[in-house]
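Take the sequence shown: its position 14, counted from the start at 1, is 18 in this note's numbering, and no numbers get skipped.
Notes follow the structure.
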Amino acid sequence: MAKGLTSRAENYSQWYNELVIKADLAENSAVRGCMVIKPYGYAIWEKMQAVLDKMFKETGHENAYFPLFIPKSFFSKEASHVEGFAKECAVVTHYRLKNDENGKGIIVDPEAKLEEELIIRPTSETIIWNTYKNWIQSYRDLPILLNQWANVVRWEMRTRLFLRTAEFLWQEGHTAHATQTEAIIETKKMVNVYATFAEKYMALPVHIGTKSESERFAGALETYSIEALMQDGKALQAGTSHFLGQNFAKAFDVKFASKEENKLEYVWATSWGVSTRLIGGLIMAHSDDKGLVLPPKLAPYQVIIVPIYKGEQELAKISEKVEEMMQKLRNIDISVKYDNRDSQKPGWKFAEYELKGVPVRIAIGPRDLENGTAEVARRDELTKEIVNIEGIENYIKNLLDQIQENIFQKALKYREQHTTKVDSYEEFKEILENKGGFVLAHWDGTKETEERIKNETKATIRNIPEYLPLEDGVDMLTGKPSKGRVLFAKSY
5 MAKGLTSRAE NYSQWYNELV IKADLAENSA VRGCMVIKPY GYAIWEKMQA
55 VLDKMFKETG HENAYFPLFI PKSFFSKEAS HVEGFAKECA VVTHYRLKND
105 ENGKGIIVDP EAKLEEELII RPTSETIIWN TYKNWIQSYR DLPILLNQWA
155 NVVRWEMRTR LFLRTAEFLW QEGHTAHATQ TEAIIETKKM VNVYATFAEK
205 YMALPVHIGT KSESERFAGA LETYSIEALM QDGKALQAGT SHFLGQNFAK
255 AFDVKFASKE ENKLEYVWAT SWGVSTRLIG GLIMAHSDDK GLVLPPKLAP
305 YQVIIVPIYK GEQELAKISE KVEEMMQKLR NIDISVKYDN RDSQKPGWKF
355 AEYELKGVPV RIAIGPRDLE NGTAEVARRD ELTKEIVNIE GIENYIKNLL
405 DQIQENIFQK ALKYREQHTT KVDSYEEFKE ILENKGGFVL AHWDGTKETE
455 ERIKNETKAT IRNIPEYLPL EDGVDMLTGK PSKGRVLFAK SY
């Protein structure tokens, strides 16, 4: 176990909080509910951004940027949207400060009240659809396929680094279409982009499905989500994609002249997003009591090289060989760092990079130079092997692929072991209490039953998975007819 790191078995929540801080990912800020993302944590987000941005552009999307401030009146135009976000909104009421005449420091100037309050964006549908009204007149202006990388504010008092903070970073896609069919295709396409990213890059198996009506995004007709399972048996919503119908087009009067009859029709809309909570998911799904375990595709650096030496002469010889190795690794797009600091001993460095989850560590000393070998350690299995330096780049490339797949398979195995099908409410409660994980159970489709289960067990319907076939049965709680099972879990 890493020094001073609480074990997962002892206190999972404390283990997570300590790991985020000790691994130098983030820390709490002077602003209540907000976090400082440190360079190592931000490097993971940059990797995520780079991959997702490429995937978005490959599916035809472009990046744009819209204002941080949204006039309050915009929110009142779509009733369910404002109801969904009203309690989370941060409101700007004044535009100026001044020195207090009584010498009590800076105060808000009461004369500088805004004519209309501004909302710091909790999400951008309203400001974007107000803009789209000016951009869309004809079917020739459609589709609009935009994405925005931004920050948002949703007022949170009970926060946890990465998982739930008042301000967080994210991307939000907002698209406009001429037909319902196009918009639905877009909605499904993007949730599948998220699923591909989660599984291929985060090594995180996910369930794709639709949300129940009460769990939908405020203002959506349908919400698709990807749901992942953390090592404490709780689910994490890792991404959502929303079919918004014509709700926002009607709210902001966004119409276009159609191709067929040249009549005015309302535009069809989607929105979709993932945020920095993905970093929280990455930590909780894979890491262990020794620290982070990062999938190679998202690790800030995939390989760390640590020299073992006595004196400057030995270090110079090792460094010469290491420079050759690093160049070969970089030539095949492997990110590598050489830690030749003399301020810390090798053992300290080994523990540090183990804590930070660097996938592969190479140690090399004078005897290794003589033998033409190096010691290679893999973080996921905590094993070591002596490897020939000649051709080591190909060995490392294959090893990184193995580690990526191994991390995914471990997470998949955990999910399979913690997915339970139940038919009775008593069994449902027993599984949630003692085993955790995903529970597949029949549901009668009513909000009342869903709410009662949530109140009594704290479990929610995560989604209705795409892969589940229709299966007649009876609701485990009410005994009413059910057309199929849904995915329940306690969640973050």
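We put the beta carbon where it would ideally sit given N, CA and C, even for glycine.
Between Leu-233 and Ala-242, the beta carbon gap of about 10 Å keeps them out of contact (Cβ cut-off 8 Å). In this structure, Val-210 keeps its C-beta atom at 9 Å or more from the C-beta atom of Ala-222. Of all C-beta pairs linking the region 178-196 to the region 268-278, three or more are shorter than 8 Å, placing the two stretches in contact. Between the alpha carbons of Lys-42 and Asp-427 lies a distance of about 46 Å. In terms of Cβ geometry, Ser-245 and Val-490 do not form a close pair [threshold 9 Å]. Under DSSP, Asp-292 shares a beta bridge with Gly-295.
Cβ-Cβ distances below 6 Å link His-178 to Ile-132, Leu-150, Ser-275 in the same chain, with the five nearest sequence neighbours on each side left out; the list follows chain order.
Take the alpha-carbon of Asn-335 and the one of Thr-377: they are about 20 Å apart. DSSP places Arg-365 within a strand segment (E or B) once states are collapsed to three.
DSSP, read as helix, strand or coil, puts Thr-191 in helix. Distance from the CA of Gly-285 to the CA of Lys-360, rounded to the nearest whole angstrom, comes to 16 Å. Following the DSSP letters along the chain, one finds Tyr-20 inside the alpha helix (DSSP H) bounded by residues 16-26.
Excluding the 5 residues flanking it on each side, Gln-348 has same chain C-beta neighbours closer than 8 Å at Glu-356, in chain order. Between Glu-358 and Gly-295 the beta-carbon gap is near 6 Å, inside 8 Å, which marks them as a contact.
Per DSSP, the continuous beta strand (DSSP E) segment holding Gly-177 begins and ends at 171-181. Across the structure, Ser-11 and Glu-430 are spaced so that their CA atoms are roughly 31 Å apart. Apart from the 5 residues on each side of it in sequence, Glu-160 sits with its Cβ closer than 6 Å to the Cβ of Gly-37, Arg-168, Ala-170 in its chain, given in chain order. Distance from the CA atom of Gly-351 to the CA atom of Lys-204, rounded to whole angstroms, is 33 Å. Per DSSP, Trp-276 is one residue of the beta strand (DSSP E) stretching across 272-279. Taking the C-beta atoms as reference points, Ile-407 is found no nearer than 9 Å to Pro-304.
Rounded to whole angstroms, the separation of the alpha carbons of Ile-230 and Ser-128 is 21 Å. Straight-line spacing of the CA atoms in Arg-365 and Trp-49 works out to 22 Å. Rounded to the nearest whole angstrom, the C-alpha separation of Tyr-136 and Val-258 is 7 Å.
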